[in-house]
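What follows is a short report on a single structure.
Set out below in structure tokens:
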């Protein structure tokens, strides 16, 4: 990374001499024309395709009056959201009768079918949402979310009755992206490479740079990762317009909200009342969605935040405080402020030497430059949208095509005294803002909760000058939804081999060797000796082929029968329990094998986020098929379940899925009567404690770190009962115990990492590609935020934060997609905060 001094000043490069016969002025004019043509082409290409904003919606009203077709007794208003990205699509439907109350029930369904271009086309899913229009009603409302494992923005919407689409109730939404857009993942997956900020009922605080002030480059931009070379995306929305489903917020990396919006009105720490008015209910549902989104890995910034205890009580969450994280947060604030302040001071020194030149001072040997465009009125936070330009400062400076400001002998001809004076006053305001930022954020706090984090600061608004830089670093790899989930349903990777069902869908090598050995013995010593002794050696021409046929049939039959015709599943379930509310969030990785594809298909919970985990690493990005023909994957989504048809589970193939789910009121684990540790030894310290569990399942190999940092363990604690846990005096013993707890069930398999090449043509692993593009300090995260925490805490550091526990339980039957499947080699890690 270049130093701030390098960003403020650098020697001018001497241009090469023009070709013979071409004057310097003609060369310059030709270069200018070429630059204009290239800029026009780039602008045209960008105008052709741009990724829609997160939470963008499309609305259609059916029947469409434009086609002149009559209706079928009702009008439908359908709104779909999040069409482009990989994740979940929101569908909101309102049917209104045009003939008064219905005289009988109408069984309908809304069908959503991908059309035109989706990447990859073979992962496209056609989804139906069953809907009953009850007798005697004039209106019915449906709100659902459905899985989407492709990149695409074009769908056909149909209303189906009795298995056939109603002709006047058909429409197409979205636009197909052009072929050139799929040449690079960065074009169609920009949300994986930048930070996406959502401001709820608040606006960023701009700097307000005067138009005649001279801009300067912001520190650290040129040499940082791609996540910072691109401008973060910013959206502003009201709380009432937020979705009530956390899955639709997945692509949002950071939500900024005023503290009173969380504390006023419908509080989450009170029982759900029968509320009057849709607005209050919508706000409460939106806050619930934010809460679940934070637990799944999001970053929530609360402005004018109350103290951490009050905020935790309002959200019904137990916010975990760790001294090391507090120190790191304070150091990060200091680093961001000091870096900017140092750059600003150097800039002011340059201006000072220019505005007060010495009569006897020699001219500079090499001119100096400032690397931002002149007159960029949006620099340093003047704008409100960060999707196209860089309203946080720098314009397009990250692209390297800046119009450079030359500070040299002709400086007086370039800038007026008024500009220099305005710049001086503006830099004083910026310096004051830096000091205010440092003060405000150091009065705030950062707390961990589940897979995410909560930041509270006393400021009334977020400072666009420095806060976004700070938050980008704080969010880290979580800026990529793919890395947060730990699964890429588009291409997959070789890491799927780490959690296969042992001994299934694998060639029975030793059995085959035994059958072949028996064949050799029968054909050789036995059959040959028998035929030659009876002078019938010519029969070998019949016996050898017959035995070969029998041997082949035996090997084939054994390979089929050995795996069986039923369904086998291997589950790796991670359950994180919040001690304040008893709610839990889960990540479940399931590997399924079925001898014959089940006719009923696969069933997942209706509120779960379901992602396929393909066995990839072989196909290149450029080879993915994008033209949608026949859609072979079909899903039905109702209020309680997501049904995926049998095509999702091919016969005799190990198929993996990763799901994330929120469970309400699972239960808690608490310590009874813990006395403070007396280091003096005057009071005997407890050698054991009593643990109480309200969980509906048994925990084994339980390790608890009490709030004072001491470790305790017990072999098991039954569901809803109490148990005694013994003290572990040495932290080294506790660390070894945690390490063994992880290595016993560690995902292991032969994995060949691929796709590290920068060329899009050679990308075979999107997860590694995204890691490389946004990597900070070489950190590579491939298995999601929960697996990353488990590996770091148990295996790498070998310690738990105070007030947390971890144990082993039996996998839940309801996470198995096929009810009668046989579970093998499964595990469930249960972790979380104490009550």
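In our numbering, the protein residues as written are 469 to 1303. Using N, Cα and C, we set each Cβ at its ideal position, and we do this for glycine too. Owing to the predicted nature of the structure, the values given are computational and were not obtained by experimental measurement.
| Item | Value |
| --- | --- |
| Integer Cβ distance of residue 1046 from residue 785, believed to fall under 8 Å | 6 Å |
| Span of the alpha helix (DSSP H) around residue 1239 | 1234-1242 |
| Residue range of the unbroken alpha helix (DSSP H) whose run includes residue 1020 | 1008-1031 |
| Length of the line joining the Cα atoms of residue 968 and residue 630 | 41 Å |
| Inter-residue spacing [alpha-carbon to alpha-carbon] between residue 622 and residue 581 | 9 Å |
| Exposed unless 16 or more other CB atoms sit within 10 angstroms - verdict on residue 676 | exposed |
| Backbone CA spacing between residue 1178 and residue 1158 [nearest angstrom] | 14 Å |
| Helix, strand or coil at residue 1294 [DSSP, three-state] | coil |
| Identified DSSP bridge partners for residue 616 | 555 |
| Closest Cα partner of residue 1135 within the set 1162, 1122, 1154, 933 | 1162 |
| Residue burial classification, residue 1297 (beta-carbon count within 10 angstroms, cutoff 16) | buried |
| Of the listed residues 1056, 1049, 1025, nearest to residue 1037 (C-alpha basis) | 1056 |
| CA-to-CA distance, residue 1033 to residue 1014, given in whole angstroms | 28 Å |
| Between the CA atoms of residue 948 and residue 725 - distance to the nearest angstrom | 21 Å |
| CA-to-CA distance, residue 541 to residue 571, given in whole angstroms | 11 Å |
| Beta-carbon gap between residue 779 and residue 898 smaller than 8 Å | no |
| Proximity of residue 924 and residue 770 at Cβ, strictly below 8 Å | yes |
| Secondary structure of residue 1262, DSSP reduced to three states | helix |
| Residues that residue 527 bridges to, as DSSP identifies them | 547 |
| Cβ neighbour criterion (16 or more within 10 Å) applied to residue 713 | buried |
| Which of helix, strand or coil DSSP assigns to residue 1289 | coil |
| Given residue 1051 as reference, the closest of 1114, 995, 1130, 1169 once Cα atoms are compared | 1130 |
| Test item: CB-CB of residue 664 and residue 701 under 8 Å | yes |
| Close Cβ partners of residue 539 (< 7 Å) along its chain, the five nearest in sequence each way excluded | 531, 566, 636 |
| In DSSP terms, what residue 582 is bridged to | 623 |
| Distance, residue 997 Cα to residue 984 Cα | 19 Å |
| Residue closest to residue 914, alpha-carbon to alpha-carbon, out of 1185, 682, 711, 768 | 768 |
| Length of the line joining the Cα atoms of residue 550 and residue 896 | 43 Å |
| The region 1140-1158 contacting the region 1167-1186, beta-carbon criterion three pairs below 8 Å | yes |
| Three-state secondary structure (DSSP) of residue 1305 | Residue 1305 falls outside the range modelled here, since the chain spans only 469 to 1303, and no answer is possible. |
| Through-space distance from residue 575 to residue 656, alpha-carbon basis | 38 Å |
| Minimum C-alpha distance to residue 1190 - residue among 1210, 1239, 1196, 1138 | 1138 |
| Within 8 Å, strictly: CB atoms of residue 1030 and residue 976 | yes |
| Local conformation of residue 1303 per DSSP, three classes | coil |
| Contact check, residue 523 vs residue 561, beta carbons under 8 Å | no |
| Whole-angstrom distance between residue 1199 and residue 1269, CA atom to CA atom | 13 Å |
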